[in-house]
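Chemist:
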Amino acid sequence: MPAGLFQTKPDILIRRGGTVTHVIDTKWKRISSRIDDPKQGVSQADVYQMMAYAQLYLAPRLGSGPIDFGQLS
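Just so you know, we're using the working numbering here: the sequence shown kicks off at 5 and counts up by one.
1. Rounded to the nearest angstrom, what separates residue 77 and residue 23 at their Cα positions?
2. Would a C-beta distance cut-off of 8 Å place residue 18 and residue 25 closer than the cut-off?
3. On the CB-based measure, 16 or more other CB atoms within 10 Å of its CB, does residue 52 come out buried or exposed?
4. Tell me the residue span of the alpha helix (DSSP H) that contains residue 51.
5. Quick one, which of 9, 47, 39 has its alpha-carbon nearest residue 31's?
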């Protein structure tokens, strides 16, 4: 495969002291409001993408959900 054919690049990287502290990838999708949907509309591909970012940026843990930007300061 040619180099650069696939890119793994999050939408937002937040750094503190040169270290990546937050990796944010925005999604434009409707989250399921069905109470019986334990995945709430999150796809397997979304999970794989988060795992790839965690590996690339040495994230100590993964999370998902709405971001409260007031908590990032």
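Where is the CB? At the ideal position from N, CA and C, for every residue including glycine.
Modeler: Taking the geometry as given:
1. Summary for residue 77: the model assigns pLDDT 46, below 50, so the residue's position carries little reliability; its value from the coordinates is reported in the next sentence. Spanning the two alpha carbons is a distance of roughly 15 Å.
2. yes
3. exposed
4. 48-60
5. 47
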